[in-house]
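Sequences listed follow chains S and F, in order.
Going by our numbering, the first residue of the first sequence is number 1, and it counts up by one from there.
Going by our numbering, the first residue of the second sequence is number 190, and it counts up by one from there.
Glycine included, every Cβ here is placed at the ideal spot set by N, Cα and C.
2 protein chains.
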Amino acid sequence: MTGETVRPLRADARRNRAKVLQTAYEVFAAEGLGVPIDEIARRAGVGAGTVYRHFPTKEALYLAIVVDRVDHLVNTARELAAAADPGEAFFSFFDLMTTAGATDKGLVDALAGEGFDIEAAMPEHEQAFKDAMRDLLVRAQAAGAVRADVTVADVKTLMVGCQAMQRYGGDAAPARVLEVVREGLRPAR
Amino acid sequence: MTGETVRPLRADARRNRAKVLQTAYEVFAAEGLGVPIDEIARRAGVGAGTVYRHFPTKEALYLAIVVDRVDHLVNTARELAAAADPGEAFFSFFDLMTTAGATDKGLVDALAGEGFDIEAAMPEHEQAFKDAMRDLLVRAQAAGAVRADVTVADVKTLMVGCQAMQRYGGDAAPARVLEVVREGLRPAR
DNA sequence: GGCTAACCGGGGCGCACGTTCCGTATAGTA
DNA sequence: TACTATACGGAACGTGCGCCCCGGTTAGCC
Chain S
1 MTGETVRPLR
11 ADARRNRAKV
21 LQTAYEVFAA
31 EGLGVPIDEI
41 ARRAGVGAGT
51 VYRHFPTKEA
61 LYLAIVVDRV
71 DHLVNTAREL
81 AAAADPGEAF
91 FSFFDLMTTA
101 GATDKGLVDA
111 LAGEGFDIEA
121 AMPEHEQAFK
131 DAMRDLLVRA
141 QAAGAVRADV
151 TVADVKTLMV
161 GCQAMQRYGG
171 DAAPARVLEV
181 VREGLRPAR
Chain F
190 MTGETVRPLR
200 ADARRNRAKV
210 LQTAYEVFAA
220 EGLGVPIDEI
230 ARRAGVGAGT
240 VYRHFPTKEA
250 LYLAIVVDRV
260 DHLVNTAREL
270 AAAADPGEAF
280 FSFFDLMTTA
290 GATDKGLVDA
300 LAGEGFDIEA
310 AMPEHEQAFK
320 DAMRDLLVRA
330 QAAGAVRADV
340 TVADVKTLMV
350 GCQAMQRYGG
360 DAAPARVLEV
370 VREGLRPAR
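Structure representation (structure tokens):
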């Protein structure tokens, strides 16, 4: 299917690619997607041209980062599903996702911004993520730990909203705000 | 205190100011804060210079809109507090605020965006808003309709998050997502 | 109707940022 | 060591947008 054979990168090229990726990850997380490419290149100790040789576009660079993170999250979700009890597994994952909003500004930007259409750009990862989350959700629902009428899409939306709350929460107590949402996810009394 | 006397505007100036304000309100709500000033001027049927004569900065223009909206919301909150029963009043206002996220993209942008520091720019309106909301909240808490440990700041943060959910909710059912958060605000069982 | 201060339009400036280009440097190989 | 494909850096380009300026127009007043 992918007819092109990828020639192995030269050693310096591989090093620079990794440096750019790492730097971009840190900078985007700390300051959001507004940071210029030139700035990322500077901090990585390379020229702007080098960034563009490895990632044809700013969006492609961010996408590479996101794909990586999503894969990790999917793995974590699977481990949780296998190990913990259903309710605990679900809410552990929920906490993991919502806390990300407080530490990763780029993530919140991407969710809120017009610019990047993450889900459309990596359908297979998006699918894997949803599948892993569905697994966590249905188990938790079967165990009576989560109200039965919410869907995977609902939970995902709630996570996005909680990330936004974490990031732009002002004087609110993050723990209490998340607690409210978690409580709302429990079955009706 | 404000030593300057404000000379009354000429008739055409007043007309244009109103047109700009109205157009900006609609455009920002529909398309977000990314819309250029030139575009707003064009749609309002005036030159860009005219916009800047009335509002020295893009931020000032948006601020004028927000101040107006906040005042309305405060009035609504007060009416609700006087008329409905405490729980109903609180949740009516909560719905009102969260639904705004679905219809006003500019509002969500402003909450999420670095750019504008709304709260710092209009401290007295912000205060009035918080006071009105505190009134709704403490009454609802006293009536046992809302869990006792949440603060005004918490509720505000939850509203922001819900607005984001409405706007970027994907396939989720808006009604159910909001229902989850409302349920979480009820007292523990 | 005539006068003047107030107002208008839209072209233009400056800056920031994404992206490209090309002369130079270097890793890999014989 | 010499040769070449590959990669590097950063100057330069194009675009978009906030904001300013100024020659022309008009509302308000006598």
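Helix, strand or coil for phenylalanine 279 of chain F per DSSP? Phenylalanine 279 of chain F falls in the helix class under three-state DSSP.
Could you say which of S/Glu39, S/Arg42, S/Tyr62, S/Asn75 lies nearest to glycine 106 of chain S if we only look at CA atoms? When each option's Cα is compared against that of glycine 106 of chain S, the closest is S/Tyr62.
For glycine 192 of chain F, does the count of other Cβ atoms within 10 angstroms reach 16, so buried, or fall short, so exposed? The pLDDT assigned to glycine 192 of chain F is 46, lower than 50, so where the model puts this residue is not dependable, and the model offers no usable value.
For aspartate 131 of chain S, count neighbouring Cβ atoms within 10 angstroms of its own Cβ and tell me buried if that reaches 16, exposed if not. Exposed is the call here.
Helix, strand or coil: how does DSSP classify proline 363 of chain F here? For proline 363 of chain F, the secondary structure class from DSSP, reduced to helix, strand or coil, is helix.
Contact set between aspartate 338 of chain F and chain S, taken where Cβ atoms lie within less than 7 Å: Here the neighbours are Arg176.
Look up methionine 311 of chain F in the DSSP assignment and say whether it is helix, strand or coil. In the three-state scheme derived from DSSP, where H, G and I count as helix and E and B as strand, methionine 311 of chain F is classed as coil.
Whole angstroms are fine: how far does the CA of methionine 159 of chain S sit from the CA of isoleucine 118 of chain S? Rounded to the nearest angstrom, the two C-alpha atoms are 16 Å apart.
Nearest by alpha-carbon distance to threonine 157 of chain S: which of S/Ala24, S/Met97, S/Val146 is it? Among S/Ala24, S/Met97, S/Val146, the Cα nearest to that of threonine 157 of chain S is on S/Met97.
Can you give me, in chain order, the residues of the segment 240–253 of chain F that have a beta carbon less than 7 Å from any beta carbon in chain S? Flagged: no residues at all.
With a threshold of 8 Å between beta-carbons, can aspartate 154 of chain S be considered close to chain F, or not? So, interface residue.
State the Cα-Cα distance for the pair valine 46 of chain S and alanine 77 of chain S, rounded to the nearest angstrom. A direct Cα-Cα distance of roughly 36 Å separates valine 46 of chain S from alanine 77 of chain S.
With distances taken between CB atoms, is the gap from methionine 311 of chain F to valine 256 of chain F smaller than 8 Å? Contact flag set, yes.
What do you reckon, are the CB atoms on phenylalanine 217 of chain F and valine 209 of chain F nearer than 8 Å? Annotated as distal: phenylalanine 217 of chain F and valine 209 of chain F, with beta-carbon spacing of 8 Å or more.
Outcome for arginine 203 of chain F when other beta-carbon atoms lying within 10 angstroms are tallied against a minimum of 16: By the neighbour-count criterion, in which 16 or more other beta carbons inside 10 Å mark a residue as buried, arginine 203 of chain F falls on the exposed side.
Exposure label - glutamine 127 of chain S; buried when at least 16 CB within 10 Å: Glutamine 127 of chain S counts as exposed, since fewer than 16 other C-beta atoms from the protein chains shown sit within 10 angstroms of its C-beta.
When the Cα of glycine 170 of chain S is compared with those of F/Thr340, F/Asp293, F/Ile226, F/Gly276, which residue comes out closest? Comparing C-alpha distances from glycine 170 of chain S to each of F/Thr340, F/Asp293, F/Ile226, F/Gly276 shows the shortest one belongs to F/Thr340.
Host alpha helix (DSSP H) of alanine 353 of chain F (start-end): 341–356 is the extent of the alpha helix (DSSP H) around alanine 353 of chain F.
Just to make sure I have the definition right: I need the residues of chain F whose C-beta is within less than 7 Å of the C-beta of glycine 161 of chain S. Which are they? Close to glycine 161 of chain S, with beta-carbon spacing below 7 Å, are these residues of chain F in chain order: Gly350, Cys351, Ala353, Met354.
Measure the beta-carbon distance from alanine 64 of chain S to phenylalanine 55 of chain S and round it to whole angstroms, keeping in mind my assumption that it falls under 8 Å. Indeed they touch by this definition, with Cβ atoms about 6 Å apart.
Thinking C-beta only, is histidine 125 of chain S closer than 8 Å to aspartate 38 of chain S? It is not a contact, given that the beta carbons lie outside the stated cut-off.
According to DSSP, simplified to helix, strand and coil, what is glycine 290 of chain F? Secondary structure of glycine 290 of chain F (DSSP, three-state): helix.
Where alanine 148 of chain S falls, given that 16 or more other Cβ within 10 Å makes a residue buried: Flag for alanine 148 of chain S reads exposed.
List the whole-angstrom C-beta distance separating alanine 249 of chain F from isoleucine 229 of chain F, where the pair is believed to meet the contact cut-off of C-beta under 8 Å. Their Cβ separation, rounded to whole angstroms, is 13 Å, which puts alanine 249 of chain F and isoleucine 229 of chain F out of contact at 8 Å.
Let me confirm a value: glutamine 9 of chain S is counted as buried when at least 16 other C-beta atoms fall within 10 Å, else exposed. Which label applies? Residue identity differs from the one stated: residue 9 of chain S is leucine in this sequence, not glutamine. Around the Cβ of leucine 9 of chain S, a 10 Å sphere holds fewer than 16 other Cβ atoms; the residue is exposed.
Secondary structure of threonine 2 of chain S, DSSP reduced to three states: Low confidence applies to threonine 2 of chain S: its pLDDT is 47, below 50, so where it sits in the model is not reliable, and the reading given next is rough at best. Secondary structure at threonine 2 of chain S: coil, using DSSP grouped into helix, strand and coil.
Just to confirm, are valine 335 of chain F and proline 363 of chain F a CB contact at a threshold of 8 Å? Going by C-beta atoms, valine 335 of chain F is not nearer than 8 Å to proline 363 of chain F.
Say whether chain F places a C-beta atom closer than 8 Å to the C-beta of threonine 2 of chain S. Interpretation of threonine 2 of chain S is limited by its pLDDT of 47, a score under 50 that renders its predicted location unreliable; the figure taken from the coordinates is listed afterwards. Answer no: the Cβ-Cβ gap between threonine 2 of chain S and chain F never drops below 8 Å.
Name the chain S residues whose beta carbon is nearer than 7 Å to that of threonine 346 of chain F? Those are Met165, Gly169, Gly170, Ala172, Val177, listed as they occur along chain S.
When DSSP labels each residue in this structure, what does glycine 184 of chain S get in the three-state scheme? In the displayed model, glycine 184 of chain S falls within a helix according to three-state DSSP.
Cβ closer than 7 Å: which chain F residues qualify as neighbours of valine 138 of chain S? Against chain F, a Cβ distance below 7 Å from valine 138 of chain S picks out nothing, because the smallest value is about 16 Å.
Where does threonine 23 of chain S sit, in a helix, a strand or coil, going by DSSP? Threonine 23 of chain S falls in the helix class under three-state DSSP.
Find the residues of chain S that neighbour glycine 373 of chain F, judging by a C-beta separation of less than 9 Å, and give them in chain order. Listed along chain S, the residues sitting closer than 9 Å to glycine 373 of chain F by beta-carbon distance are Glu179, Val180, Val181, Arg182, Glu183, Gly184, Leu185, Arg186.
Is any beta-carbon of chain S found at less than 8 Å from that of leucine 285 of chain F? Output row for leucine 285 of chain F: interface = no.
If you check the beta carbons only, do proline 86 of chain S and alanine 140 of chain S fall under 8 Å apart? At a Cβ-Cβ threshold of 8 Å, proline 86 of chain S and alanine 140 of chain S count as neighbours.
Got a sec, what are the start and stop residues for the alpha helix (DSSP H) threonine 239 of chain F sits in? Here the alpha helix (DSSP H) through threonine 239 of chain F covers 237–243.
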